[in-house]
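Heads up: the structure comes next, in structure tokens.
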Amino acid sequence: MFVDSGYRLLRKNDYHSFLIGKHPVVVRNGAVYDNVCDHRLSLIHPIGYGNQEFVCGYHGKDQSHAKQYPHYKYKNLLFVGEHDPSMVSLLDKCNYTANNHFFHYELKINANWKLFVENVIEYLHVKYVHKNSQNILKPFLSLNLDQIPEQIRYGKHSVERTVSEAPQRYRKYIDEWKWENAYIFPNLFVSNVSNVVTFVSYFIPEKYNETTVIYEGYFNKEGMDERIADVIKTSAKNFVSVILSEDK
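Using UniProt numbering, read the sequence shown as starting at 1 and increasing by one per residue.
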């Protein structure tokens, strides 16, 4: 299970606290721990992000000995659980890159997390549901919505990909139009848009019918004209907010 990309966990004692089911866990200093005191089972870090020592606020007891869960990293992506070779193989083949973080977006949706997954990987609905957002990515992607994407399975994971030649006027900064959307079971999507922008999106089930969706954007094209880069970043931000509102 994916738990964090690390961009808000750069300092010592930065933490990200959340629930897995009803169980509180926390990511801090590159590891994943129980987030309850072993004395009275009180919550150590409040749900969300912050910075504080791993000490119970009720009686001041240090919790650095708390249960630590198996975890591993792929570049900046932190997962809890046993190492998954098929996931690593998928991200290697997708040439996953996430260099310069430029936006963060969160939204609560009134749906079960499985419905959210089904919606994201069901490409055919895009042409009909996302009429308002189809052209937002035009500065760095033009999709042929009649083209069925290539679909590849990697164990529990999958990737959808469409690639086409970029028009001549875009080739100064775009090598090819590409939409590559990888689903890392159970809760992570990684989308490569024309090797320029990477979307890292994941979700946290809050209830059986409520899911928090988080999108992060990374800009990966070095040396691009700053004005063009700003247009692309703005387009990417607008795209995420519009498609999520359309899906609601």
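Cβ atoms here follow ideal geometry from the backbone N, Cα and C, with glycine treated the same way.
Note that this is a predicted model, so its numbers are computed, not measured.
Inter-residue spacing [alpha-carbon to alpha-carbon] between residue i and residue j
| i | j | result |
| --- | --- | --- |
| residue 3 | residue 89 | 19 Å |
| residue 43 | residue 68 | 16 Å |
| residue 26 | residue 17 | 4 Å |
| residue 31 | residue 128 | 42 Å |
| residue 19 | residue 193 | 31 Å |
| residue 39 | residue 63 | 10 Å |
| residue 170 | residue 184 | 31 Å |
| residue 132 | residue 141 | 15 Å |
| residue 203 | residue 111 | 11 Å |
| residue 120 | residue 33 | 30 Å |
| residue 93 | residue 175 | 18 Å |
| residue 152 | residue 37 | 44 Å |
| residue 209 | residue 218 | 30 Å |
| residue 181 | residue 117 | 12 Å |
| residue 46 | residue 214 | 19 Å |
| residue 87 | residue 223 | 31 Å |
Proximity below 9 Å, CB of residue i to CB of residue j
| i | j | result |
| --- | --- | --- |
| residue 226 | residue 108 | no |
| residue 200 | residue 220 | no |
| residue 149 | residue 177 | no |
| residue 237 | residue 105 | yes |
| residue 162 | residue 135 | no |
| residue 216 | residue 101 | yes |
| residue 49 | residue 74 | no |
| residue 76 | residue 7 | yes |
| residue 96 | residue 198 | yes |
| residue 78 | residue 164 | no |
| residue 72 | residue 81 | yes |
| residue 232 | residue 139 | yes |
| residue 154 | residue 228 | no |
| residue 91 | residue 190 | yes |
| residue 113 | residue 187 | yes |
Reduced DSSP secondary structure (H/G/I, E/B, other) of residue i
| i | result |
| --- | --- |
| residue 109 | strand |
| residue 54 | coil |
| residue 247 | helix |
| residue 66 | coil |
| residue 118 | helix |
| residue 19 | strand |
| residue 221 | coil |
| residue 44 | coil |
| residue 227 | helix |
| residue 31 | strand |
| residue 77 | strand |
| residue 100 | strand |
| residue 14 | strand |
| residue 4 | strand |
| residue 61 | coil |
Spatial neighbours of residue i in its chain, beta-carbon cut-off 8 Å, leaving aside the 5 residues before and after
| i | result |
| --- | --- |
| residue 13 | 28, 29, 51, 52, 53 and 54 |
| residue 11 | 51 |
| residue 147 | 162 and 164 |
Proximal residues to residue i (C-beta, below 7 Å), its chain only, five neighbours per side dropped
| i | result |
| --- | --- |
| residue 123 | 149 and 160 |
| residue 126 | 145 |
| residue 83 | 72 |
| residue 246 | 129, 130, 132 and 133 |
| residue 212 | 106, 108, 203, 204 and 206 |
CB contact check: residue i to chain C, cutoff 9 Å
| i | result |
| --- | --- |
| residue 174 | Reference to chain C is not applicable here, since this structure consists of a single protein chain. |
Cβ-heavy atom distance, residue i to the ligand MG, below 8 Å
| i | result |
| --- | --- |
| residue 155 | Among the ligands in the structure shown, none appear at all, so the ligand MG cannot be discussed. |
Spatial neighbours of residue i in its chain, beta-carbon cut-off 6 Å, leaving aside the 5 residues before and after
| i | result |
| --- | --- |
| residue 156 | 185 |
| residue 103 | 217 and 237 |
| residue 166 | 174, 176 and 177 |
Please give me, in chain order, every unbroken run of the alpha helix (DSSP H) with length at least 4 that falls completely inside the region 124-205.
126-129
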